[in-house]
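**Q** For what it's worth, the numbering used here labels the leading residue of the sequence shown as 25, then goes sequentially.
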Amino acid sequence: MHYWNKLGLAQAELPALALTQDRREYMRWTGKRLNTMALGCYCYLPAASSRALAAARQHRHLIFIEPAMHPQSIEVTVAHELIHLSDRVQGTPRRHRHHGYDSIAADEAAITGYAVEDLRALLHEESVTRERARRELRPIRYIYQCPGCGKQYPRTRRYSQAVSCSSCDKVYNPRYCLYLTSIPGVVSPSEAH
């Protein structure tokens, strides 16, 4: 309620708000899977378009907050998602250009009282923690490399068909077809001697 009031959100919008820390529940609400790296997400569902359904369902504001974060990170993430909600209610929805480096980050700093640099550090810390947990569940098992630029592509699963380097050519190009360079944890015969 603290940030709700700070953002000047109308009390009439409060019944339309639903908040969860369960990814599956959020997926049932929105019909969309969350990126595993998402720490928070806001979704606006408009009211039903037909008159018969409109009486039964108003618009909804749906927010997901990742529970496995530090309390300060949860607080900042709630404030961040409420900024998106406020923008939607005011009719000026904004998208991120780059998390932590846009006008939304400045607004977040203003209402939470944290410096933008502190918010960026917090975001980085939580992202690293999330990535580490993700890698424990699905470790990198394959490393592909581009023959043109040498860029490496770590993968948890093998590619099922030929794939080319997106840095060298935006469309498939067999000249830049990625090749499997190594499988971490597996010693190749040439390295064994």
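Built from N, CA and C at the ideal position, the CB exists for glycine as well.
On a predicted model such as this, the values are computed, not experimentally measured, just so you know.
Report the residue from Tyr66, His83, Cys65 whose alpha carbon sits nearest the alpha carbon of Ser73.
**A** Of the candidates Tyr66, His83, Cys65, the one whose C-alpha sits nearest the C-alpha of Ser73 is His83.
**Q** According to DSSP, is His35 part of a helix, a strand, or is it coil?
**A** It should be pointed out that residue 35 corresponds to Gln in this sequence rather than to His. The answer is helix: DSSP assigns Gln35 an H, G or I state.
**Q** Does the pairing of the region 44–62 with the region 153–170 give three or more beta-carbon distances under 8 Å?
**A** Touching, yes.
**Q** Do the CB positions of Ala71 and Trp53 come within less than 8 Å of each other?
**A** No, these two residues do not count as a Cβ contact at 8 Å.
**Q** Just grab the DSSP bridge partners of Gly172 for me.
**A** Its beta-bridge partners do not exist; DSSP assigns none.
**Q** Quick check on DSSP: helix, strand or coil for Leu58?
**A** In this structure, Leu58 counts as coil in the three-state DSSP scheme.
**Q** Would you grab the beta carbon distance between Tyr168 and Ile207 for me? Rounded to a whole angstrom, and I think it's under 8 Å.
**A** With 8 Å as the limit, Tyr168 and Ile207 do not qualify as a contact, their Cβ atoms being about 11 Å apart.
**Q** Please work out which residues of its chain come closer than 7 Å, Cβ to Cβ, to Cys192, disregarding the five sequence neighbours upstream and downstream, and give them in chain order.
**A** Answer for Cys192: Cys170, Gly172, Cys173, Tyr200, listed in chain order.
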